[in-house]
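Asker: This is the structure, below, for whatever I ask next.
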Ligand SMILES: Cc1cc2nc3c(=O)[nH]c(=O)nc-3n(C[C@H](O)[C@H](O)[C@H](O)COP(=O)(O)O)c2cc1C
């Protein structure tokens, strides 16, 4: 068996055929496989490729295609509707079950059976109260538009107990919570999920959240990112530099006098910064990933710089892959400039996929679902995302020509990129209809071929690594993806047939590298590692 694969580069040599199965199924393209007899075994690896020759069996030669293996996540929220205001009224939609733990467990099992990488939970800390405001939730509440909303973190251990490989991304804000408390919560869930939790870092954008956390208004945009940057320093220190890797000494069966952990291997971090003073130590012992897998979404200059430094995966929303590419290139380039491997940042595009047997059927399905959309709820979402209240404009106002520059530019962007809207007037009704399903992410609607071709185009043109799939109807939208789209992506060699590391951590499965439980070595957080045998973490000496 002769294998060239990027996915097996971390281990020097493999001679045990069964171990190769997941990698083989990950990367092989049937067109490139031919049988040959092998006589002896050799193996070597470089940073990019591993070559393995196995003996003495009759085996095959396969030159792996360099096709990217897509990361496929489900994008969800603990609310009656996420990017589909009003759809809980649809007879097939289970959005209103969001407070039932069995609903989430069932979804996690279904998505794991289909080999989704993870479920990502968006979250907000206030209501969308700008539209018809100020501070008015009347249009939001009937639409169930991201309100009411439960905290997603509590459901993760229950889903983790019912599954073994799927990951869980959880959104949490650096603006309204202390790093000491957040680090503890994520360590707890990392332990309970066996290393399958990710943190979607947000700086938050709702004034309603600011008011409820005791502020008159939001902290200024770039200042939020400066706070977040120091926040991350604190959490890295708690996760990586407070407990040495070998701090816990207790093993079952040891003597009565054996302590649980070595006090010399648990230290205070004594963080004293501009925004935070945290002595430590961290309350939790080291969890499988230590630092949870880090995700981030933000496309401003400050947001991209933050992503380039901290993120292991970035979410982006755009209408076309051509438009996402500059952000992707800029984040990867900035990452390289600070010494990171640009490919250590996975770029994941938000998308709503409505797939059916034919284009006509898919479009009919989309149109039928849209009739359940709540337009007032959609305009409330717009108000929260942008801070602009469209109720102050006349119903026939065409927002392509409105005097407000931010709204004008956003609407013109949609007008020039959303398929099927050429020459159309963009009034409130058009905006509401457009945002009703899938928010302002791309909507890819069509037959299996149409959708798979378009996803491939996103990869080749946009250089994205995968997709965060939202739903119009839960779980119907995912059922169609599972039944129709994923088999086609597998057939095209674009999607794995099993987890790269079954029972592994989220980081192992996103990077496709067994043993990659911790932050990559070139990640800025890795400088805080406190390894076995080190008296203190090296950064404390270097910074003296
Ligand atoms: C795909 C995507 C998902 C997001 N999910 C959330 C979320 O769940 N909660 C939140 O508060 N902000 C969320 N955001 C907002 C971002 O975290 C960020 O606040 C916003 O993009 C503005 O940042 P920027 O000015 O750097 O672009 C999301 C943004 C994108 C693009």
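Numbering (the numbering used here), first residue to last: 16 to 559. In this text, a Cβ means the ideal position worked out from N, Cα and C, and glycines have one as well.
Is it the case that the Cβ atoms of residue 293 and residue 195 are separated by a distance below 8 Å?
Answerer: yes
Asker: What does the alpha-carbon distance come out to for the pair residue 242 and residue 189?
Answerer: 7 Å
Asker: To the nearest angstrom, how far is the alpha carbon of residue 144 from that of residue 230?
Answerer: Each residue's Cα considered, the two are about 16 Å apart.
Asker: Within 10 angstroms of its Cβ, does residue 343 collect 16 or more other Cβ (buried), or is it exposed?
Answerer: buried
Asker: Given 8 Å as the limit, is there contact between the region 365–377 and the region 116–127, that is, 3 or more CB pairs closer than that?
Answerer: no
Asker: Going straight from the alpha carbon of residue 467 to that of residue 449, what length do you get?
Answerer: 23 Å
Asker: Along the chain, where does the alpha helix (DSSP H) containing residue 431 start, and where does it finish?
Answerer: 420–432
Asker: According to DSSP, which residues form a beta bridge with residue 134?
Answerer: Residue 134 is bridged to 89 and 183.
Asker: Looking at residue 397: is its Cβ nearer than 8 Å to the Cβ of residue 405?
Answerer: yes
Asker: Is the region 147–167 touching the region 250–261 in the sense that three or more CB pairs, one from each, lie closer than 8 Å?
Answerer: no
Asker: Where does residue 483 sit, in a helix, a strand or coil, going by DSSP?
Answerer: strand
Asker: Using a threshold of 8 Å, state whether the C-beta atoms of residue 103 and residue 484 are closer than that.
Answerer: Contact annotation: residue 103 and residue 484 have beta-carbon atoms that are not nearer than 8 Å.
Asker: Which complete beta strand (DSSP E) runs does the region 348–421 hold, if anything under 3 residues is left out?
Answerer: 361–371
Asker: Could you compute how far the alpha carbon of residue 220 sits from the alpha carbon of residue 201?
Answerer: 22 Å
Asker: Inspect the beta-carbon positions of residue 210 and residue 520 and report whether they are closer than 8 Å.
Answerer: In this structure, residue 210 places its C-beta atom within 8 Å of the C-beta atom of residue 520.
Asker: Determine the extent of the beta strand (DSSP E) in which residue 216 is found, giving its start and end residues.
Answerer: Going by DSSP, residue 216 is part of the beta strand (DSSP E) stretching over 212–217.
Asker: In the DSSP assignment, what residue or residues form a beta bridge with residue 258?
Answerer: 281
Asker: Could you have a look at residue 461 and say whether DSSP puts it in helix, strand or coil?
Answerer: strand
Asker: Could you say which of 171, 413 and 309 lies nearest to residue 120 if we only look at CA atoms?
Answerer: 171
Asker: Could you check what DSSP says for residue 164 in three-state terms: helix, strand or coil?
Answerer: coil
Asker: Considering Cα atoms alone, identify which of 100, 540 and 487 is closest to residue 384.
Answerer: The residue with the shortest Cα to Cα distance from residue 384 is 487.
Asker: Does residue 331 come out as helix, strand or coil in the three-state DSSP assignment?
Answerer: strand
Asker: Report yes if the CB atom of residue 319 is closer than 8 Å to the CB atom of residue 432, and no otherwise.
Answerer: no
Asker: Between the C-alpha atoms of residue 555 and residue 451, what's the straight-line distance to the nearest angstrom?
Answerer: Their Cα atoms are separated by approximately 51 Å.
Asker: In terms of DSSP beta bridges, what is residue 287 paired with?
Answerer: 292
Asker: Within the present structure, is the beta-carbon of residue 326 separated from the nearest heavy atom of ligand 1 by less than 7 Å?
Answerer: No, since every heavy atom of ligand 1 falls outside the 7 Å radius drawn around the Cβ of residue 326.
Asker: Just tell me which of 272, 255, 511 and 288 has its CA closest to the CA of residue 535.
Answerer: Looking at 272, 255, 511 and 288, the one whose alpha-carbon comes closest to that of residue 535 is 255.
Asker: When DSSP builds the beta bridges, which residues end up paired with residue 263?
Answerer: Answer is 276.
Asker: With the cut-off set at 8 Å, would you say residue 362 and residue 222 are in Cβ contact?
Answerer: no
Asker: Beta carbon of residue 318: closer than 7 Å to some heavy atom of ligand 1?
Answerer: yes
Asker: Tell me, which residues are paired with residue 188 by DSSP?
Answerer: Bridge partners of residue 188: 217.
Asker: For the region 426–442 and the region 489–507, state whether three or more C-beta atom pairs, one from each stretch, are separated by less than 8 Å.
Answerer: no
Asker: Classify residue 500 as helix, strand or coil using the three-state DSSP reduction.
Answerer: helix
Asker: Tell me whether the beta-carbon of residue 100 lies closer than 8 Å to the beta-carbon of residue 393.
Answerer: yes
Asker: Return the first residue and the last residue of the beta strand (DSSP E) that residue 493 is part of.
Answerer: That residue, residue 493, is in no beta strand (DSSP E); its alpha helix (DSSP H) goes 491–495.
Asker: Which residues in the same chain as residue 548 place their Cβ atom closer than 7 Å to its Cβ, once the five residues preceding and following it in sequence are excluded?
Answerer: Excluding the 5 residues flanking it on each side, residue 548 has no same chain C-beta neighbour closer than 7 Å.
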